[in-house]
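To keep things clear, I will list the structure first and then write my remarks on it.
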Amino acid sequence: MKSLFALNPMIWKYRGRLFLGVVFIVLTNVFAVWAPSMIGEGVNALNEANRDFLVPLSEGQALADLPQRTLEVPNNLRTLASWVGLEMDSRLAPKTRADVLDTVVWIGLMQALLFLLAYLIKGVFSFLTRQTVIVMSRLVEYDLKAAIYDHYQKLDATFYKANDTGDLMNRISEDVSNVRMYLGPAIMYSLNLVVLVAMVVGVMYYIDPVLTAFALLPLPFMSAGIYFISASIHRKSDAKQQAQSAVSSFVQQHIAGIRVLKSFHRERAAAERFDVETDLYKMRVLDLVKVEAMFMPLIVLLVGLSTILTVYVGGYRVASGELELGHVFQFVFYVNLLTWPFASIGWVTSLVQKAEASMARILDFWHAEPSVQSPASGGRTDPVSDLPALSFRNVSWTYPETGIQALHDLSFEVKAGETLGITGRTGSGKSTVLQLAMRMMDPQDGEVAVDGTPLPEWDLATMRDGFGYVPQDVFLFSDTIGHNIAFGSQGLDPQGPAVKQAAQDAGVAGDIDGFDKKYRTLLGERGVNLSGGQKQRISIARALIKKPALLLLDDCLSAVDTETEDAILSAIARQEASCTVMVSHRLASLRGADRILVLDEGKLVEEGTHAELLEAGGLYATMHAQQQAEA
Ligand SMILES: Nc1ncnc2c1ncn2[C@@H]1O[C@H](COP(=O)(O)OP(=O)(O)O)[C@@H](O)[C@H]1O
Ligand SMILES: [Mg+2]
């Protein structure tokens, strides 16, 4: 239970609800225990009336000759009557034969009505219990999800490479659901069990200790049986879940890739594999259903056993005069009342085990500290100036997952207002430079500084606000074009002039105007599919609209034709006061750069202007010659 105790502070926040819940549980059980006593008393009264009046009268005796001349009024009935201001004698003395019958029917009817009333009130309190305890569990679930999501957003790139998306999604959905089952049903049924058993067994013991022992005998066996069945159900339903996920992801993949599938004529093979997957799923489901089918019969069997024992032993005790008949009826009700709570012990135990495992998984990354964070003291919070500089001093970076050293001892500086080009072959470390510049990770060696302040001394949010970044692999959200462009600028009208200007600068305004819904056009699965170049340009607009102090472009014009590229480059050049780093493997894109760095296998091999580099006749000149030839 250690992991689950971590939830205590969250539960404590809603202690008021939990306390009310306990009060309602107690009230529910007071009425649950009280109701059967109406039946017990009613049966006792009727039994007595039968013995003392009905049987002798039917045998022809006269009312006046009967030794017993009064009928007992059940205690509960008298108490309740006195509450509504009706004083009743403890014994009634019927005057005529008809009077006897009326009185007997009246007592029976009243007891039945009181029984119903007690059950109704019990129902109301049991509704209120759910409204407090289960609602509390939903509130904690909500808090927990919010906290996990917040934490996810703080964790850095290294964490996301080490954990796969499906797993992270499971923790925030499935694992949290399991934990909620502990917070809601498990806590509720456990409290209910304790209160009910204390009350019912107390009352039963008071009435007849011997019969109590016999009636309760089979119940622990039921708890144990249900525990084993529940555990098995959980195991099998996990297996079923896995098979189901396999089927879904198979279908999802093959529908997403339907064009490839058809063009390679793999329909038959896919259908055969689908058969295998669904067959497995079918087997898992049948496996589960078999165990589930044992659940109710087991309960019914053991409750039946309890009932038989109660009636059998109770009958003996009534015959020997140690017990009144009505109490046997009352016991049968109590045995049924105890059924579900005892069954729930087994069920709740397996719920708690499952929740414990889930909570351990959640805590697993709960304590994972992001390696990239603002300094404890808060760090620099005055924004990046209009004319910042970016510098790398002896920076080395090795990807911890692969051990690939992507940058070796790299030093350079981009001065305020300057445009720096970076080029090199694929895998030479260009993208890594930009990620280090934005502090997606901290270099193992050396120092990166922006606007004169080393990155670890910045408040992260303030620093990143100064950047406009266009990643190499474009990511657009399944949202409207307008929202995608206005993404990084809070409170901006997604159809407003600023968005249109940014689209204009990024050379995509013409394309957007061609869509029916213009800036309201939906992107993604249920929206339009854009071409690679259009996506790149929207992603550029998203960076430009921030009017960033530092603009980082990662090979973001690779799918754009030369003419559009020129227009975009001059729009970027017009952006006042920005310091731009432009990465491209296409040398033509870097014509406007003030200086160009050439990287090779993570090392800076050449540096200079286009003309100087051509002159030098090194890697740059070779790449230039190759690209000229291709063109
Ligand atoms: N996320 C990553 N995990 C592990 N290795 C990576 C990762 N990203 C890049 N690398 C490796 O680091 C080197 C530099 O990559 P990158 O900076 O993307 O180069 P470029 O942008 O010049 O093509 C390459 O060898 C690449 O395989
Ligand atoms: Mg790259």
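Just so you know, we're using the working numbering here: the sequence shown kicks off at 918 and counts up by one.
We put the CB at the ideal spot given by N, CA and C, even for glycine.
The beta-bridge partner set that DSSP reports for residue 1008 consists of 989. Taking a contact to require three or more Cβ pairs closer than 8 Å, the region 1028-1046 and the region 933-948 qualify as touching. When the five nearest sequence neighbours on each side are left out, the beta carbons in the same chain lying within less than 7 Å of the beta carbon of residue 1104 are those of 1050, in order along the chain. The C-alpha of residue 1411 is placed about 20 Å away from the C-alpha of residue 1446. Beta-bridge partners of residue 1322 (DSSP): 1315.
Contact between residue 1523 and residue 1531 does not hold, since the beta-carbon distance rounds to 11 Å and is not under 8 Å.
The beta carbon of residue 1163 is closer than 6 Å to those of 1194 in its chain, skipping five residues each way along the sequence.
For residue 1078, the shortest separation between its Cβ and any heavy atom of ligand 1 lies below 8 Å. Excluding its 5 nearest sequence neighbours in each direction, residue 1262 has C-beta neighbours in its own chain below 6 Å: 1140, listed in chain order.
Ligand 1 never approaches residue 1498 closely enough for any of its heavy atoms to be under 8 Å from the residue's Cβ. Rounded to whole angstroms, the Cβ separation of residue 1216 and residue 1256 is 6 Å, and the two are in contact under 8 Å. For residue 1532, the enclosing alpha helix (DSSP H) covers residues 1527-1533. Straight across, the Cα-Cα distance linking residue 1370 with residue 1376 is about 11 Å.
Within the same chain, 1401, 1402, 1404 and 1405 come within 7 Å of residue 1459 by CB-CB distance, once the 5 residues on both sides are set aside.
In this structure, the alpha-carbon of residue 1250 lies about 14 Å from that of residue 1029.
If you look at residue 1363, you'll find it in the beta strand (DSSP E) that goes 1362-1367. In the DSSP assignment, the residues bridged to residue 1308 are 1330 and 1366. In the DSSP annotation of this structure, the continuous segment of the beta strand (DSSP E) that includes residue 1470 starts and ends at 1467-1471.
Residue list for ligand 1: 1316, 1319, 1321, 1323, 1343, 1344, 1345, 1346, 1347, 1348 and 1349 (CB closer than 5 Å to any heavy atom, chain order).
Setting aside the 5 residues that flank it on each side, residue 1380 has no residue in the same chain whose C-beta is closer than 6 Å to its C-beta.
Within the region 1242-1267, not a single complete beta strand (DSSP E) segment reaches 3 residues in length. At the C-beta level, residue 1311 and residue 1364 come within 9 Å of one another. Residue 1461 sits away from residue 1429, with the two beta carbons spaced by 9 Å or more.
At least one heavy atom of ligand 2 lies less than 8 Å from the C-beta of residue 1389. Pairing residue 1427 with residue 1477 gives a Cβ-Cβ distance that is not under 9 Å.
Rounded to whole angstroms, the separation of the alpha carbons of residue 1156 and residue 1189 is 22 Å. Boundaries of the alpha helix (DSSP H) around residue 1235: 1184-1236. For residue 1122, the enclosing alpha helix (DSSP H) stretches over residues 1104-1124.
With a beta-carbon spacing of about 6 Å, residue 1208 and residue 1146 fall inside the 8 Å limit used to define contacts.
The region 1363-1407 contains, as complete alpha helix (DSSP H) runs of 4+ residues, the segments 1377-1382 and 1398-1402 (chain order).
Exclusion of residue 1517 from the 8 Å shell around ligand 2 follows from its C-beta lying no nearer than that to any non-hydrogen atom of the ligand. Between the alpha carbons of residue 1487 and residue 1280 lies a gap of roughly 51 Å. Straight-line measurement puts the Cα of residue 1383 at about 8 Å from the Cα of residue 1463. Out of 1221, 1210 and 935, the CA that lies nearest to the CA of residue 1136 is found in 1221. Taking 8 Å as the cut-off, one finds at least one heavy atom of ligand 2 near enough to the beta carbon of residue 1472.
With the rule of 3 Cβ pairs closer than 8 Å, the region 1045-1059 counts as touching the region 933-943.
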